[in-house]
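Trainee: Numbering (this note's numbering), first residue to last: 839 to 1778.
In structure tokens, the structure reads:
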């Protein structure tokens, strides 16, 4: 538009000039006016052909159809192949993520060995072909004359990865040291060969220090000449050598002396002292292997030393020299006819320990334990100026001093007594190294006499990272809370906070005469200030004169079940029913004993963490208890939640998925409880633990003539994953069984875990709540559900994904915690270990009753509960009317007529008499028997 407008403007201007030229009659202006259109006309004519030419050239641009089709087909095949190859490599990558770290290190070492072989073949034997040319171009071009050393260097690194795979912390140090060493040596070689440059050709550079040597030495020579370049490169080489060998400069003389001792060029004074004490260093050479515990200790000392790994070693060596000087001045050669006592054993052990440290090797654990245990006695004797004298045997009988051990590290303070020859270990025998397991519990227990069952290792459960104690977000929240208190003129201050994995509790202390209600009334304002809708105020914090404000963390942390089971509380308690639950707000691990709970109700909305909690409970039991300790009954109406545990030896019956069979299993649990109480009453015990202890000790004897063999009763853990489904199918039977179990089963060793995602009053009834004292509530959808579970508010403000409130038996206020999480891979590993130990042994009577009942109830079908209610209604009212069943049971006419026919076939009512009510043939006092017949109990 702008171009067109400018064109028109120019034309109008030209016309005006023509008129003015005509009026004036000037010949020059007429000529100029005529020349202007003449100049514009050729431009228009030339523009048109240009456009036509462009149009003619653009016409033949499209390629022919056959060629374009072939191109598209080839492109599609190429892209499909590329995607398939990429998908294959991505699959390999995903599999490599789950590869064992030891295999990864072995693979890296073998790859380096392969590279070393290829480089050796290319540099040592002039390998032909493309590979040889590539090696010559890369290796010889980079390293020059030292290309022969590259395969040796690669092989050395590979050997270290194979021999020391458990020390990855030294890899960075070795890489830095080798880099400095190689750069320094190549620079010196390049200068020694005349420092050829690029002008002399690549062959001259390859015959010297290679590209690396040229790149290092050339700038130094240019800046400061050969005189200063060579010393600098020598210092760089020495630095690299010291870093690789982890040797500080101050420790160089000592390391050189140690090298001379190892090569036999220098005799060590400590060996002479050891030989004088009757100790032969070669006798224990096989025992000076580095144990994992000492390696970890040495690694930790090296990390703590800011000046390098040699600082702590120097301090330890100085301490050893002082101890040896004191021993030399205070010890004498013992007579040959006197028996070897504890002091002589300590002297030999100390000599072994000191010589091993100075030689850079590790002594045997027995030698280290003896030296550390009796060193206190030896130094006390040296300080007093004489050798401890053995006391009289009569005075020492029965009151021998406490001997130092490697675990305790305590020595006798009352002098060294004469050692018992049976208690003094023989240092000439090789000692096998043993490592203590992590949990102090029995790893192997006898099962059914001749079967050995080993518990799964806790290494199957992954460890989590260290939890955070403070972050910038916490400081921002503290500032926001302080600002809110200032704006609303509340005399309160944030005095501290404790950060948990999910939420952080901020401790707020009130000023004098400030009501707690003023803080609770600011809930919405605090939520607005910290930009979080889920703010929970605890007033006051239990055990403190402060108010707690719990605010979710912006960076949540996961709590692994392995960390909970490795905690001090879990490891210190070997009870088989101890389970890991999670981590509380203060950062402490939460573990609970199901035997003391004794029953627990777990409830929460979908996705709140209820299923993860059930998985943690079952996995904890499998990891800590044998099938002789705990047997389980798992009820899974959803059919998919607990299928991973099918076939574990802890099951007493296959996983129950049918709600009717679940009701029958609960009734079997009630019968099992009655049988256990019969034994407790017969033998005079009040708890199953006392009965089991007496049976194991053989204090309980069977009555005369009895063929029964008494065995300890295992704990019976019943887990119902979804209580709502059971209450819908058979509410009365399920409720009656649960009430009986929860009322009486604690002393019988039977414990119940009920889980539901619909905590309404029709599912969790008042009778069930009254007898289940422990509650675990996850996030709920409403305040009413929170009150059903906890009898108080709070669960509706949880943020989900494992955030829960745990209310154990006897507690007034719940504890907020983040539920533990166990992955499917961890569950599969623990289940596989348990299955490999033994096959499950099922109880037949758990499932036999349900199968008989199914045959008897074939005619009744799914109307058993309605039939029982109808029979109870008809017999109690003595009025057999179909219309009454419609009104009372809220069923249709067809259903009511069918119920009446079923009662007629079982002799409850008489035949139909038209519109009249049927005769009732059963009296009210016979109702229980009629109900048993309907349920099939009379035939089972």
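Just so you know, even glycine gets a beta-carbon here, dropped at the ideal spot from N, CA and C.
Roughly how many angstroms separate the alpha carbons of residue 965 and residue 956, rounded to a whole number?
Mentor: Mapped onto the chain shown, residue 965 falls at position 127. Mapped onto the chain shown, residue 956 falls at position 118. About 9 Å.
Trainee: Quick one: Cα of residue 1073 to Cα of residue 999, how far?
Mentor: Translated into the one-based positions of the chain shown, residue 1073 becomes position 235. Translated into the one-based positions of the chain shown, residue 999 becomes position 161. Answer to the nearest angstrom: the Cα atoms are 28 Å apart.
Trainee: Whose CA, out of 1678, 1571, 1567 and 1483, lies closest to the CA of residue 1507?
Mentor: Residue 1507 sits at position 669 when you count from the first residue of the chain shown. Among 1678, 1571, 1567 and 1483, the Cα nearest to that of residue 1507 is on 1571.
Trainee: So, do the region 1602-1609 and the region 1531-1538 have three or more beta carbon pairs nearer to each other than 8 Å?
Mentor: no
Trainee: When you compare only the Cα positions, how much space is there between residue 1095 and residue 1011?
Mentor: Position 257 of the chain shown holds residue 1095. Position 173 of the chain shown holds residue 1011. Near 24 Å, if we compare the C-alpha coordinates of residue 1011 and residue 1095.
Trainee: Taking C-beta to C-beta, are residue 1737 and residue 1755 nearer than 9 Å?
Mentor: Sequence index remark: in the chain shown, residue 1737 carries index 899 (1-based). Sequence index remark: in the chain shown, residue 1755 carries index 917 (1-based). Result no, Cβ atoms of residue 1737 and residue 1755 do not sit closer than 9 Å.
Trainee: Residues in the same chain with beta-carbon distance under 6 Å from residue 996, minus the five sequence neighbours each way, listed in chain order, please.
Mentor: For the purposes of this step, residue 996 is identified with residue 158 of the chain shown, where counting begins at 1. Counting only Cβ-Cβ distances below 6 Å, and skipping sequence neighbours, we find 947, 950 and 951.
Trainee: Compute the distance between the beta-carbons of residue 1590 and residue 1610, then report whether it is under 9 Å.
Mentor: Here residue 1590 refers to the residue found at position 752 when the chain shown is read from its first residue. Here residue 1610 refers to the residue found at position 772 when the chain shown is read from its first residue. The answer is yes: Cβ separation under 9 Å.
Trainee: Quick test of your reading: residue 1387 and residue 1373, contact by CB under 8 Å. State the CB separation rounded to the nearest angstrom.
Mentor: By 1-based counting over the chain shown, the position of residue 1387 is 549. By 1-based counting over the chain shown, the position of residue 1373 is 535. Between residue 1373 and residue 1387 the Cβ distance is about 7 Å, and since that is below 8 Å, they are a contact.
Trainee: Using alpha carbons as the reference points, say which of 1638, 1367, 1327 and 1022 lies closest to residue 1314.
Mentor: One-based indexing of the chain shown puts residue 1314 at position 476. Minimum Cα distance to residue 1314 is reached at 1367.
Trainee: Among the residues of its own chain, which have a CB less than 6 Å from the CB of residue 1576, if the five just before and after it don't count?
Mentor: Position 738 of the chain shown, counted from the first residue, corresponds to residue 1576. Around residue 1576: 1606.
Trainee: In chain order, what residues of the same chain have a beta carbon less than 6 Å from the beta carbon of residue 1153, not counting five sequence neighbours either side?
Mentor: Taking the chain shown and counting its residues from 1, one reaches residue 1153 at position 315. In this prediction, residue 1153 scores a pLDDT of 47, lower than 50, which makes its location untrustworthy; the coordinate-derived value is nonetheless stated afterwards. Cβ neighbours of residue 1153 beyond the five flanking positions: none.
Trainee: Mind checking whether residue 1555 and residue 1432 have CB atoms under 9 Å apart?
Mentor: Residue mapping note: residue 1555 aligns to position 717 of the chain shown, counting from 1. Residue mapping note: residue 1432 aligns to position 594 of the chain shown, counting from 1. Between residue 1555 and residue 1432, the C-beta gap is smaller than 9 Å, which places the two residues in contact.
Trainee: For residue 1495, I'd like the list of residues in its chain whose CB is within less than 6 Å of its CB, leaving aside the five on either flank, ordered along the chain.
Mentor: Counting from one through the chain shown, the residue named residue 1495 turns up at place 657. The answer, listed in chain order, is 1474 and 1477.
Trainee: Under 6 Å Cβ to Cβ from residue 1760, same chain only, skipping five residues before and after it: list those, please.
Mentor: Sequence index remark: in the chain shown, residue 1760 carries index 922 (1-based). Closer than 6 Å at the Cβ level, and outside the excluded window around residue 1760, lie 1713, 1746 and 1768.
Trainee: Give me the Cβ distance between residue 831 and residue 1481, rounded to the nearest whole Å; I'm assuming they're in contact under 8 Å.
Mentor: Nothing about residue 831 can be read from this structure; the chain reaches only from 839 to 1778.
Trainee: Specify the secondary structure class of residue 1526 as computed by DSSP and reduced to three states.
Mentor: Working through the chain shown from its first residue, we reach residue 1526 at position 688. Three-state result, residue 1526: helix.
Trainee: If we ignore side chains and look at the alpha-carbon of each, how far apart do residue 1641 and residue 1295 end up?
Mentor: In the chain shown, residue 1641 corresponds to position 803, counting from 1. In the chain shown, residue 1295 corresponds to position 457, counting from 1. Each residue's alpha carbon lies about 28 Å from the other.
Trainee: Quick check on this structure: which residue in 1651, 1645 and 1384 has the alpha carbon closest to the alpha carbon of residue 1436?
Mentor: Within the chain shown, the letter at position 598 stands for residue 1436. Ranking 1651, 1645 and 1384 by Cα distance to residue 1436 puts 1645 first.
Trainee: Can you look up residue 1680 in the DSSP assignment and give me helix, strand or coil?
Mentor: For this step, residue 1680 is matched to residue 842 along the chain shown. Looking at residue 1680 - three-state DSSP - the assignment turns out to be coil, as it is neither helix nor strand.
Trainee: Please report the residue range of the beta strand (DSSP E) in which residue 1098 lies.
Mentor: By one-based count along the chain shown, residue 1098 stands at place 260. Taken as a continuous stretch (DSSP letters only), residue 1098 belongs to no beta strand (DSSP E), being part of the alpha helix (DSSP H) at 1090-1101.
Trainee: Please classify residue 866 as buried or exposed, where buried requires at least 16 neighbouring CB atoms within 10 angstroms.
Mentor: Start at 1 with the first residue of the chain shown, and residue 866 comes out as number 28. Because the pLDDT at residue 866 is just 41, under 50, the model does not fix this residue reliably, and the value given afterwards should be weighed accordingly. Exposed, by the Cβ-count rule.
Trainee: Report the residue from 1661, 1758 and 1439 whose alpha carbon sits nearest the alpha carbon of residue 1647.
Mentor: On the chain shown, position 809 is the one that residue 1647 refers to. Considering only alpha carbons, the answer is 1439.
Trainee: Ordered along the chain, which non-local residues of its own chain (more than five positions away) have a Cβ less than 6 Å from that of residue 1462?
Mentor: Working through the chain shown from its first residue, we reach residue 1462 at position 624. 1414, listed in sequence order.
Trainee: Does DSSP put residue 826 in a helix, a strand or coil?
Mentor: Past the edges of the chain, shown from 839 to 1778, lies residue 826, and the structure says nothing about it.
Trainee: Tell me whether residue 1246 is buried or exposed, calling it buried when 16 or more other Cβ atoms sit within 10 Å of its Cβ.
Mentor: Within the chain shown, residue 1246 is the residue found at index 408, counting from 1. With a pLDDT of only 36 at residue 1246, under 50, the local geometry of the prediction cannot be trusted, and the value read off the model is given with reservation. It counts as exposed.
Trainee: Use the C-beta contact count for residue 1725: other C-beta atoms within 10 angstroms, 16 or more gives buried, fewer gives exposed.
Mentor: Position 887 of the chain shown, counted from the first residue, corresponds to residue 1725. Looking at its Cβ environment, which holds fewer than 16 other Cβ atoms inside 10 Å, residue 1725 is exposed.
Trainee: For the alpha helix (DSSP H) holding residue 1628, just list the boundary residues, first then last.
Mentor: Start at 1 with the first residue of the chain shown, and residue 1628 comes out as number 790. Unbroken alpha helix (DSSP H) run through residue 1628: 1621-1628.
Trainee: From this set, 1492, 1363, 1669 and 1637, which residue's C-alpha is nearest residue 1391's C-alpha?
Mentor: Within the chain shown, the letter at position 553 stands for residue 1391. Checking every option, the nearest Cα to that of residue 1391 belongs to 1637.
Trainee: Alpha carbon to alpha carbon, what distance is there between residue 1297 and residue 1271?
Mentor: As a working mapping, residue 1271 is identified with position 433 in the chain shown. As a working mapping, residue 1297 is identified with position 459 in the chain shown. Legend: pLDDT at residue 1271 = 38, less than 50; position of this residue unreliable, value from coordinates given subsequently. Rounded to whole angstroms, residue 1271 to residue 1297 spans 21 Å at the Cα level.
Trainee: If we call anything under 9 Å between Cβ atoms a contact, is residue 1026 one with residue 1083?
Mentor: To locate residue 1026, count along the chain shown from 1; it is residue 188. To locate residue 1083, count along the chain shown from 1; it is residue 245. Result no, Cβ atoms of residue 1026 and residue 1083 do not sit closer than 9 Å.
Trainee: DSSP puts residue 1431 in a beta bridge; with which residues?
Mentor: Working through the chain shown from its first residue, we reach residue 1431 at position 593. BP columns for residue 1431 point to 1416.
Trainee: Classify residue 1326 as helix, strand or coil using the three-state DSSP reduction.
Mentor: By 1-based counting over the chain shown, the position of residue 1326 is 488. If DSSP states are grouped into helix, strand and coil, residue 1326 belongs with coil.
Trainee: So who's on the other strand from residue 1589, going by DSSP bridges?
Mentor: The residue you call residue 1589 lines up with position 751 of the chain shown. Beta-bridge pairing links residue 1589 to 1555.
Trainee: When burial is assigned at 16 or more other CB atoms within 10 Å of the CB, is residue 987 buried or exposed?
Mentor: Residue 987 sits at position 149 when you count from the first residue of the chain shown. Around the beta carbon of residue 987, a 10 Å sphere encloses fewer than 16 other beta carbons of the protein chains shown; the residue is thus reported as exposed.
Trainee: Contact between the region 1448-1468 and the region 1652-1668 is defined here as three or more beta-carbon pairs at a separation below 8 Å; is this criterion met?
Mentor: Taking 8 Å as the limit for Cβ pairs, the verdict is that the region 1652-1668 does touch the region 1448-1468.
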